[in-house]
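Visitor: Numbering-wise, the sequence shown is residues 875 to 1157 according to our numbering. Using N, Cα and C, we set each Cβ at its ideal position, and we do this for glycine too. Right, I'll just put the structure down here and ask away after.
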Amino acid sequence: MPPRLQPLLDANLIEDVVGQLKSGKEAEVYVVLSAGEYRCAKVYKEANNRSFKNASQYTEGRKSRNSRDARAKNSGSRHGREERESDWQSTEVEALTMLASAGVRVPKTFDYYEGVILLEMIVDSEGNAAPRLNDVTLTKEKARECHTMIMRQVVLMLCAGYVHGDLSEFNILMAHDGPVIIDLPQAIQSTANNAFRLFQRDLVQLAAYFSRFAPEIASSDYAHEIWKLYENGKLKPDTKLTGYFQHSTKKADVRGMIDEIKAVEEEELIRRGVIKKPYDKKW
Ligand SMILES: Nc1ncnc2c1ncn2[C@@H]1O[C@H](COP(=O)(O)OP(=O)(O)O)[C@@H](O)[C@H]1O
Ligand SMILES: [Mg+2]
């Protein structure tokens, strides 16, 4: 019995531990028997075993419950570690719950107890834990279909106010009925300063993966297309997408803008009687 799962057994949230799935970067995931069915129990590794890359790009703008917690988080204390730890977990639970209710294909969450999340087990057509996208080979048609499905999920996520932040072939499972998105502790609000940068990185990573099977996907630009619609308040869950984005070819006329500002300033100075005539101007 993995010690971290004992509290769940004691609280009757799980009946048995069946085995461990492949350990990921930040967490260990076990198959457990819970309420008579197979579910997954996600246990975060201790903070010091973990490798969240440049954590601050995700945590910027997150709020702490109070200033003591906020101070602790920036320190090396045990309380600080626990605070950082529970931040990632509660972000994941919150994101999974919100996204499921927005119709995004993510695992259902059943419970969150003593630092362990109990999740729906995503299964393949034989009822086994579903493989990651990275572990499957796709035909060209299947790759296109799957990429299109994921772009739709990404639109639904953005409509619900979320950017995944670590979306790749390692965090998408191929279920019997299509791709399912997992692993959301680093999810960020779409209103955060760096949201577009992370959104674009997610989509570029996916395009790189899918273009191994369907090369034309490499030249698509869903990131700019979707983000522009989103910024203009035009993104809806069923908005049609082309994968194509026309970047503006008009060069910004910086010189013209500076002249314009100077002219306005000059007019103001004349109006206030500070300088006399427009032909006094020195530039
Ligand atoms: N709900 C689930 N159903 C089936 N397998 C899962 C589920 N959640 C996670 N896994 C498996 O556990 C692995 C690690 O989980 P993940 O949430 O990606 O954590 P990590 O941060 O460690 O990458 C995944 O790659 C996947 O194989
Ligand atoms: Mg993962």
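1. Measure the beta-carbon distance from I1062 to V1037 and round it to whole angstroms, keeping in mind my assumption that it falls under 8 Å.
2. Taking 6 Å as the cut-off, does the CB of H1057 come closer than this to any heavy atom belonging to ligand 2?
3. Using the Cα positions of S951 and S960, report the straight-line distance between them to the nearest angstrom.
4. Any chance the CB of N1067 is under 6 Å from a heavy atom of ligand 2?
5. Going by Cα to Cα distance, which pick from Q1060, E1000 and E1099 is closest to L1077?
6. Between which two residues does the beta strand (DSSP E) containing V892 stretch?
7. Would DSSP call A1034 helix, strand or coil?
8. Rounded to whole angstroms, what's the CA-CA distance from Q963 to P1059? Just pull it up for me.
9. Which complete alpha helix (DSSP H) runs does the segment 943-1022 hold, if anything under 4 residues is left out?
10. Quick test of the definition: if touching needs 3 or more C-beta pairs under 8 Å, does the segment 1090-1106 touch the segment 1005-1012?
11. Enumerate in chain order the residues of its own chain whose CB-to-CB distance from L1143 is below 6 Å, with the five nearest sequence positions on each side excluded.
12. Taking only runs that begin and end inside the segment 1081-1127, name each unbroken alpha helix (DSSP H) of 4 or more residues, in chain order.
13. In whole angstroms, give me the CA-to-CA distance for L1080 and A1137.
14. Using a threshold of 7 Å, state whether the C-beta atoms of E988 and P877 are closer than that.
15. Since I believe V967 is in contact with Q1027 (beta carbons under 8 Å), could you give me their beta-carbon distance rounded to a whole number of angstroms?
16. Taking the alpha helix (DSSP H) that L887 falls in, what are its first and last residues?
17. Measure the C-alpha to C-alpha separation of K1110 and L1007 and round it to an integer number of angstroms.
Guide: Result, derived from the coordinates:
1. To locate residue 1062, count along the sequence shown from 1; it is residue 188. To locate residue 1037, count along the sequence shown from 1; it is residue 163. Rounded, the Cβ-Cβ distance is 5 Å, consistent with contact.
2. Taking the sequence shown and counting its residues from 1, one reaches residue 1057 at position 183. One detail in the question is off: residue 1057 reads as Asp in this sequence, not His. Look at D1057: its beta carbon is less than 6 Å from one of the heavy atoms in ligand 2.
3. The residue you call residue 951 lines up with position 77 of the sequence shown. The residue you call residue 960 lines up with position 86 of the sequence shown. Our two residues, S951 and S960, have alpha carbons roughly 14 Å apart in a direct line.
4. Taking the sequence shown and counting its residues from 1, one reaches residue 1067 at position 193. Not one heavy atom of ligand 2 sits closer than 6 Å to the Cβ of N1067.
5. Position 203 of the sequence shown, counted from the start, is the residue given in the question as residue 1077. Answer by Cα proximity: E1099.
6. For the purposes of this step, residue 892 is taken as the residue at position 18 of the sequence shown. Per DSSP, V892 belongs to the beta strand (DSSP E) from D890 to Q894.
7. One-based indexing of the sequence shown puts residue 1034 at position 160. Coil at A1034, not helix or strand.
8. The residue labelled residue 963 in the question sits at position 89 within the sequence shown. The residue labelled residue 1059 in the question sits at position 185 within the sequence shown. Computed Cα separation, rounded: 6 Å.
9. Correct list: 952-975.
10. No, because fewer than three Cβ pairs between the segment 1090-1106 and the segment 1005-1012 fall closer than 8 Å, the two stretches do not touch.
11. Within the sequence shown, numbered from 1, the residue matching residue 1143 stands at position 269. The answer, listed in chain order, is I1149.
12. Complete alpha helix (DSSP H) runs here, min 4: 1096-1105.
13. One-based indexing of the sequence shown puts residue 1080 at position 206. One-based indexing of the sequence shown puts residue 1137 at position 263. So the alpha carbons of these two residues sit roughly 49 Å apart.
14. Residue 988 sits at position 114 when you count from the first residue of the sequence shown. Residue 877 sits at position 3 when you count from the first residue of the sequence shown. Contact flag unset, no.
15. The residue you call residue 1027 lines up with position 153 of the sequence shown. The residue you call residue 967 lines up with position 93 of the sequence shown. About 19 Å; that fails the 8 Å criterion.
16. Residue 887 sits at position 13 when you count from the first residue of the sequence shown. Here L887 belongs to no alpha helix (DSSP H), and DSSP marks it neither H nor E.
17. Residue mapping note: residue 1110 aligns to position 236 of the sequence shown, counting from 1. Residue mapping note: residue 1007 aligns to position 133 of the sequence shown, counting from 1. Looking at the backbone, the Cα of K1110 and that of L1007 are separated by about 27 Å.
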